[in-house]
Amino acid sequence: MSSSSPQARRGNTRQRIQDVALELFAEQGYEKTSLREIAERLEVTKAALYYHFKTKEDIIISVFEDLTRPIDELIAWAEQQPRTLEMKCEVLRRYSEAMAAGASLYRFMQENQATMRELSIGETVKRRLFTLVELLRTEDGRLADQVRCASALFTLHAGMMFLQHVEADPEETRQAALEVATDLIIQAHRTPSSPETLTRRSPEAPTL
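In this note's numbering, the protein residues as written are -7 to 200.
Next up, the structure:
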């Protein structure tokens, strides 16, 4: 069981603070949530909360570091691999799983984009995304294929952020987004002479 799952996190005071803070941030926004309200929801004193975190930013940074560690590990692994189609598909699969494990954090980042730009972790998020896009991008590939590779990554984000209200099981939605993202990567790696590409070309004008 993942250490970031609700079952594993329950009972750990530091993690309970993180979970409750994310709940309140989602309900009323980061800026409108105070440490006092977090302490009240936890039914602890502010002094007890201060023992673990001094500010709201300390809380969200700790959540970010805990829940995005698998992505740092994924990047470190991918940077040591040849840029094969298989490697890129594995990057997408593991990134999708990491996003699912940290779904509450990614929803926070989506719903508090202005706050994210002001927090120190905002630059880390941007740098990570650019690194992942570069790992997926086809070297010296056609511009359209490079766009497909970048789009594959953001397709996973679309599945997480913008399809959460679709009437479907969240895991089914994740798998559907991963399928589309993988299709984009595969299409970007097809050679111009492959049968798949030939069938997608515009028909030639008839000979007079």
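For every residue, glycine included, the Cβ atom is placed at its ideal position computed from N, Cα and C.
Since residue i is in the alpha helix (DSSP H), which residue starts that stretch and which ends it?
i, result
"residue 70", "61 to 70"
"residue 175", "162 to 180"
"residue 117", "113 to 128"
"residue 38", "38 to 44"
"residue 137", "135 to 153"
"residue 32", "27 to 34"
"residue 10", "5 to 20"
Identify which residue in the options has its Cα closest to the Cα of residue i.
i, options, result
"residue 164", "59, 92, 112 and 131", "92"
"residue 70", "162, 8 and 126", "126"
"residue 113", "57, 166 and 79", "57"
"residue 179", "152, 137, 160 and 153", "137"
"residue 88", "52, 59 and 134", "59"
"residue 15", "86, 118 and 95", "95"
"residue 181", "166, 170, 161 and 134", "134"
"residue 49", "161, 139, 167 and 104", "104"
"residue 80", "131, 43 and 36", "131"
"residue 36", "162, 6, 140 and 22", "6"
"residue 61", "47, 42 and 86", "86"
"residue 170", "160, 47, 22 and 82", "82"
"residue 43", "160, 9, 65 and 140", "9"
Could you give the C-beta distance for residue i and residue j, rounded to a whole number, given that I count them as a contact under 8 Å?
i, j, result
"residue 129", "residue 142", "7 Å"
"residue 34", "residue 12", "5 Å"
"residue 97", "residue 55", "6 Å"
"residue 31", "residue 24", "That belief does not hold up - the Cβ atoms of residue 31 and residue 24 are roughly 16 Å apart, past 8 Å."
"residue 99", "residue 18", "6 Å"
Inspect the beta-carbon positions of residue i and residue j and report whether they are closer than 7 Å.
i, j, result
"residue 123", "residue 67", "yes"
"residue 121", "residue 144", "no"
"residue 84", "residue 174", "yes"
"residue 102", "residue 153", "yes"
"residue 63", "residue 90", "yes"
"residue 117", "residue 147", "no"
"residue 45", "residue 52", "no"
**OP:** Output the residue ranges of the beta strand (DSSP E) runs that lie fully inside the segment 88 to 115 and measure 3 residues or longer, sorted by chain position.
**Re:** none
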